Amino acid sequence: MATQGEFDYFKNIGEAGMQHATHKPWSDSQCGLYLMELGAMMGLMPEGGRLLDMGCGTGWTSVLFAKRGYDVVGTDLVAEAIDAGRRLKRENGLQNLDFVVGDYESLAFREEFDVVVFFDCLHHAVDEVGALRSAYRALKPGGICITSEPGRGHERRSRAVMEEFGVTERDMHPAKIIRGAKQVGFRRFSVHPHASYLYISLYRQQQRGMVGKLLRIPGMRTLVGLATVLFSKHQAGITVLHK
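Quick note on numbering: the sequence shown equals residues 1 to 243 in the UniProt record's numbering.
1) Please give me, in chain order, every unbroken run of the alpha helix (DSSP H) with length at least 4 that falls completely inside the UniProt domain "Methyltransferase type 11" (52-146).
2) From the DSSP output, in three-state form, read off F231 for me.
3) What first and last residue would you give for the beta strand (DSSP E) that runs through V191?
4) Answer yes or no: do R144 and H242 have a C-beta to C-beta separation smaller than 7 Å?
5) Check T239 in the structure and name its three-state DSSP category.
6) Within its chain, find whatever has a CB closer than 6 Å to the CB of K24; leave out the 5 residues flanking it on each side and keep chain order.
7) Among the residues of its own chain, which have a CB less than 6 Å from the CB of R188, if the five just before and after it don't count?
8) Label E163 either buried or exposed according to how many other C-beta atoms from any shown protein chain fall within 10 Å of its C-beta, with 16 as the threshold for buried.
9) Just the Cα atoms here: how many angstroms apart are R87 and H124?
10) From this set, T147, K140, H173, which residue's C-alpha is nearest E155's C-alpha?
11) Should L51 and Y70 be called a contact, given that it needs their Cβ atoms to be closer than 7 Å?
12) Please tell me whether E105 and G130 are closer than 7 Å, where the distance is taken between their beta carbons.
13) Can you round the beta-carbon distance between Y197 and S158 to whole angstroms, since I take them to be within the 8 Å contact cut?
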């Protein structure tokens with residue numbers, strides 16, 4: 001069951017905040033990071049098919065998936081966010097995109113989708129097993145669920161946000177996701193390095209302090225990138241679940 005803070009979030013961030021949330025990734029200073037994360041997920045997804053975008057917020061991810069050619073349904077529990085998504089749909093002239101208001105912990109879809117996506121949203125779940133059960137139920141046999149989450153340490157880093165807005169922020173690392181997925185019936189799993197770690201270690205230009213000094217050493221970025229691939233995926237990897 002979502003907290004009241006989740007329902008009120010888009011009201012509480014104000015008009016400027018809503019404009020920012022609606023026009024992501026382009027409105028955000030981390031635009032490159034978002035695009036890299038979504039690109040990594042798309043690389044792990046099948047080409048085409050029906051896609052359920054869980055916890056889609058204002059729907060900007062749903063728009064990108066629809067432009068890529070998927071038949072998309074975006075769902076979020078906040079009506080104001082879904083209204084914003086429907087405006088984006090009209091503005092972009094997309095016929096292969098629909099939105100529904102609903103709590104992803106208790107959706108009623110059954111064997112309708114080839115792909116279910118949790119992009120940076122499963123960590124808001126009070127009951128992640130319920131959300132994964134909704135995903136499993138919604139998938140056709142042989143379909144996949146793919147998650148990209150902030151992972152270990154996220155709850156600690158998000159204390160100020162939780163106190164200000166009353167939202168749920170939890171650690172949601174691959175081991176926790178896979179434990180829940182096993183409970184609801186997923187049969188195969190794989191974990192891949194989170195694109196955010198690769199972006200920070202290999203591509204982001206401005207690094208400050210000691211980290212910045214280390215990364216300016218010739219060859220250090222390559223070594224850090226390799227270490228990221230080898231060690232970071234269990235911290236906050238992209239998790240693929242096969243039905």
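C-beta atoms are modelled at their ideal positions from N, C-alpha and C, and glycine is treated no differently.
The structure displayed is predicted, hence computed values, not measured ones.
A quick look at the data gives this:
1) 60-68, 79-92, 128-138
2) helix
3) 188-192
4) The displayed chain sequence assigns Ile, not Arg, to residue 144. Result yes, Cβ atoms of I144 and H242 sit closer than 7 Å.
5) strand
6) W60
7) H242
8) exposed
9) 24 Å
10) H173
11) yes
12) yes
13) Rounded, the Cβ-Cβ distance is 18 Å, inconsistent with contact.
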